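Here this note's numbering runs 1063 ahead of the position in the sequence shown, where the first position is 1.
Every residue gets a Cβ at the ideal spot worked out from N, C-alpha and C, and that includes glycine.
Computed from a prediction, not measured in an experiment: that's the story for all the values here.
Structure record follows, encoded as structure tokens.
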Amino acid sequence: MRYDTLLDKIFITRLSSKIQMKHTVFIMGCICLLCFFVSTAGAFLFSPSFPLETTITDDTIAVFVGDTEMNGTFYGYRTELFEEFTPFINLLDEVNIDVQLFSNLHIFPFYGTIRFQGVEKVQLINTTRLQDISNQIDLLEFVTNIQSFSNVDVIVQKGLVLFGTDGHPVSIDEDMGLSFSALFQMPLNSEETVNILGMISDQSLQFNYDGNSSFIYPFSIDTTIVITNQQNNVLWRSSLQDILYVFEDESLLISDDPSFHLFPLQGATTPVSLHLSIQPSQIQSTTVNTIIETLQDLSAQLGNTSIPFVDDNSSLTTEILPIISNIVNGGFILINTSNPVDIDQSIQQFSTIGFARSDQFDVIIPSSNPSVRIISGDFRLVFLGDHFYSPQAPHTNDGVGLPLVPLFLWGLAIVIYLLFHYILDSKYPKRTYPLIKRYGLFLYLLSLLLMLLLLDREISYQFGSSMIDILLSQGLNLFFFVFLGFELLLFGLGFFLCAIPTSIIINHILRYFGFKKDTKAIGRILGSCMIWVFAGLYAIIFFNIILLFIHLPSISGVL
């Protein structure tokens, strides 16, 4: 009988240990699953995007960065640049050149390496000699010496050229990869400006010209033009600036190597149409350096014009530009703007500058109204000029609102503490879980580290860069410590405002149902998950509070 009793005690003890073990494993598994759920949900529930739409005016400079799909029809800028040559160009009827091309001239400026592929016929007109024609004998001699080539490729190597058309459209439908695009006004002289779409791309761009006739004209001393046949043999090479290369081709295919593209947006009787679809792209430091080199070359071509942030000897090139590129990747910057903007059905207003980041947005210039430039999409971050838009405070002037979630958690924690500590008595038997007590501190510290990493990913998701992003791409520098300080402050606030009250609430509920104090690691671990929730909800508001005490420098001096 005693033997049976002893066996029963041993069996019951072992059974109890197994059940306790299963309970411990079950509880720890629930904790891990809940941590995973909170972490996963945070990216979608606590960092929402919101619809934005705004219309910009001609005098606003708009810059777009990201992977760009471009669909557009352009007609060039209407000009009388070659009007002085008209009496002489009319003589070219003798050699079957379409002189109407010059009476309805539209211009595209091209920069970099341009290839005109499979040109049916190109004729070389020396404009200096053309002006020396005074009689029929001179004309006959001039016509006799005109050089022409058929079925060739014409390649512009470096420099600036003017591409002249008779007003027929140039059409583009391309995925340009990473592109820096801008809408701005470019002065032609002291009285006249033209609206321009400028683009720097890391990929070649192809487009078509639908007219019968066109030409190119060198516009810088560094421009070299090469003509090759289908076997890639060089037939012509020249750096002369006084030659018109007149094309006769009904469907001209133009390939523009990675460089700076300029598309005039006005000056034609038929309005342009443009649709840019922009999303974040993989930005490499080598790509940024290539873009800087392109700008430096362009600056030299334009007479060493000073371009902001472009300096080989400046830390702006090696440190600031890559950071800026990541932050604005998949976004836009508006300069010189005070336009209203509709954000999530709330009318806000940009103040001097505007900035926003998105997973995908559109820029549209409709052909029905080319003076309208519409930006629309779902955005995760919007800077209105002096503060960031926050969904919690859309109607405030500084974007700062009450942290309702922390206030609710602390209020509930106080109520729970008083209720379960002084009023309600637990009627459940006390249970202990040695594994939780043994490994609780380790799991708690691990959860805090995980939340710091998730908070860093949250900052990267919202702001485009973070301390880990900078550390991996550039190492230790000033920007790393700036983000480190911001993230640690945010982590500390999240710990005090959300993690502590959540831990109090969970642990008091667990004690009421029979869990001893050695299981308080459960509440601490689950409470730490709220740090990331706090970052997702309040990082922008916290940043706006910092902006209340920091005077942002004006950017007008560098533009």
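Check: Does the region 1581-1595 come within contact of the region 1533-1550, defined as at least 3 CB pairs closer than 8 angstroms?; Outcome: no
Check: Using only alpha-carbon positions, find the residue among THR1286, TYR1507 and VAL1391 that is nearest to ILE1563.; Outcome: TYR1507
Check: Could you spell out the range, first to last residue, of the alpha helix (DSSP H) harbouring GLN1537?; Outcome: 1530-1537
Check: Is the region 1112-1125 touching the region 1225-1233, taking contact as three or more C-beta pairs under 8 angstroms?; Outcome: no
Check: In three-state DSSP terms, what is PRO1334?; Outcome: coil
Check: CA-CA distance, SER1421 and ILE1609?; Outcome: 23 angstroms
Check: Whole angstroms are fine: how far does the CA of PRO1281 sit from the CA of LEU1307?; Outcome: 8 angstroms
Check: From what residue to what residue does the beta strand (DSSP E) around PRO1172 run?; Outcome: 1169-1174
Check: Residues bridged to GLU1237 by DSSP?; Outcome: MET1133
Check: Drop a sphere of 10 angstroms on the beta-carbon of GLY1555, count the other beta-carbons inside from all chains shown, and report buried for 16 or more, exposed for fewer.; Outcome: exposed
Check: Does the Cβ-Cβ distance between HIS1324 and ASN1134 come in under 7 angstroms?; Outcome: no
Check: What are the boundary residues of the alpha helix (DSSP H) that GLU1255 is part of?; Outcome: From DSSP, GLU1255 is part of no alpha helix (DSSP H); its letter is neither H nor E.
Check: Consult DSSP for ASN1399 and reduce its assignment to one of helix, strand or coil.; Outcome: strand
Check: Can you tell me where the beta strand (DSSP E) with TYR1308 in it begins and where it stops?; Outcome: 1306-1311
Check: Go ahead and pull the three-state DSSP assignment for LYS1184.; Outcome: strand
Check: Where DSSP assigns a beta bridge to ALA1584, which residues make up the other side?; Outcome: DSSP output for ALA1584 lists no bridge partner at all.
Check: Quick test of your reading: ARG1436 and ILE1235, contact by CB under 8 angstroms. State the CB separation rounded to the nearest angstrom.; Outcome: Rounded, the Cβ-Cβ distance is 17 angstroms, inconsistent with contact.
Check: Within 10 angstroms of the Cβ of ASN1460, are there 16 or more other Cβ atoms? Answer buried if so, exposed if not.; Outcome: exposed
Check: Compute the beta-carbon to beta-carbon distance between VAL1309 and GLN1186, rounded to the nearest angstrom, for a pair I have assumed lies under 8 angstroms.; Outcome: 5 angstroms
Check: Between which two residues does the beta strand (DSSP E) holding GLN1210 run?; Outcome: 1210-1220
Check: Taking LEU1472 and CYS1561 to be in contact with their CB atoms under 8 angstroms, please state how far apart those CB atoms are, rounded to whole angstroms.; Outcome: 6 angstroms
Check: Is GLN1412 buried or exposed, if buried means 16 or more other CB atoms sit within 10 Å of its CB?; Outcome: exposed
Check: Hey, quick one: how far does the alpha helix (DSSP H) through THR1565 stretch, first residue to last?; Outcome: 1563-1575
Check: Give me the Cα-Cα distance between THR1190 and VAL1545, rounded to the nearest whole angstrom.; Outcome: 60 angstroms
Check: Out of ILE1188, GLU1255, GLU1204 and HIS1231, which has the shortest C-alpha to C-alpha gap to PHE1212?; Outcome: ILE1188
Check: Return yes when the Cβ of VAL1391 is within less than 7 angstroms of the Cβ of ALA1419, no when it is not.; Outcome: no
Check: Within 10 angstroms of its Cβ, does THR1131 collect 16 or more other Cβ (buried), or is it exposed?; Outcome: buried
Check: Secondary structure at ASN1633, three-state DSSP: helix, strand or coil?; Outcome: No statement about residue 1633 is possible, as the shown extent of the chain runs from 1064 to 1622 and does not include it.
Check: So for ILE1288, helix, strand or coil by DSSP?; Outcome: strand
Check: Mind the definition here: the region 1263-1274 touches the region 1284-1298 only if three or more C-beta pairs lie below 8 angstroms; say whether that holds.; Outcome: no
Check: So VAL1257 packs on TYR1174, CB below 8 angstroms; how close in whole Å?; Outcome: The pair is not a contact, with the Cβ atoms about 16 angstroms apart (cut-off 8 angstroms).
Check: Identify every residue that forms a DSSP beta bridge with ALA1125.; Outcome: LEU1246 and LEU1397
Check: For TYR1485, count the other beta carbons within 10 Å of its own beta carbon; 16 or more makes it buried, fewer makes it exposed. Which is it?; Outcome: exposed
Check: Check each candidate in LEU1511, SER1340, ARG1501 and PHE1205 and name the one with the smallest Cα separation from ILE1428.; Outcome: SER1340
Check: According to DSSP, simplified to helix, strand and coil, what is GLU1116?; Outcome: strand
Check: Might you give, ordered along the chain, the residues of its own chain that have their beta carbon closer than 6 angstroms to the beta carbon of ASP1405, omitting 5 neighbours on each side?; Outcome: GLU1116
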